[in-house]
Amino acid sequence: MGVFNFAGVKVADAPPSAIPKCPKCEKDLDEIWVKSKGTGFVKKEQILMCPYCRIFLGFGSFSL
Ligand SMILES: [Zn+2]
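Take any residue in the sequence shown, note its place counting from 1, add 1299, and you have its number in the working numbering.
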């Protein structure tokens, strides 16, 4: 079982062509800005931003 548990909803992998949309400016996010915070290279907080309207999208953990 995954983290998400929507009763009666089938969870499927998004097709490779699916592009997320910004919830604010509704532009297709073919690119997302990642802003790193903090110094230590073990634990780094990353903030995901829309490059068009700079709305905060969430936290991420990418190794760039
Ligand atoms: Zn946006």
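Just so you know, even glycine gets a beta-carbon here, dropped at the ideal spot from N, CA and C.
Just so we're clear, the structure is a prediction, and the values are computed from it rather than from any experiment.
Inset, instruction - Using the Cα positions of A1306 and I1346, report the straight-line distance between them to the nearest angstrom. - result: Along the sequence shown, read from residue 1 onward, the residue named residue 1306 stands at position 7. Along the sequence shown, read from residue 1 onward, the residue named residue 1346 stands at position 47. Rounded to whole angstroms, A1306 to I1346 spans 30 Å at the Cα level.
Legend entry - Status (buried if at least 16 other CB within 10 Å, exposed otherwise) for V1308: By one-based count along the sequence shown, residue 1308 stands at place 9. With fewer than 16 other Cβ atoms within 10 Å, it is exposed.
Inset, instruction - Going by DSSP, name the residue or residues bridged to S1335. - result: Mapped onto the sequence shown, residue 1335 falls at position 36. DSSP lists Q1345 as partners of S1335.
Inset, instruction - Leaving out five residues on either side along the sequence, give the residues of the same chain with a beta carbon under 6 Å from the beta carbon of L1328. - result: Taking the sequence shown and counting its residues from 1, the one referred to as residue 1328 is at position 29. Same-chain partners within the cutoff: P1319 and C1321.
Inset, instruction - Return yes when the C-beta of K1334 is under 6 Å from any heavy atom of ligand 1, and no when it is not. - result: Reading the sequence shown from its first residue, position 35 is the one you call residue 1334. No, Cβ of K1334 sits at least 6 Å from all heavy atoms of ligand 1.
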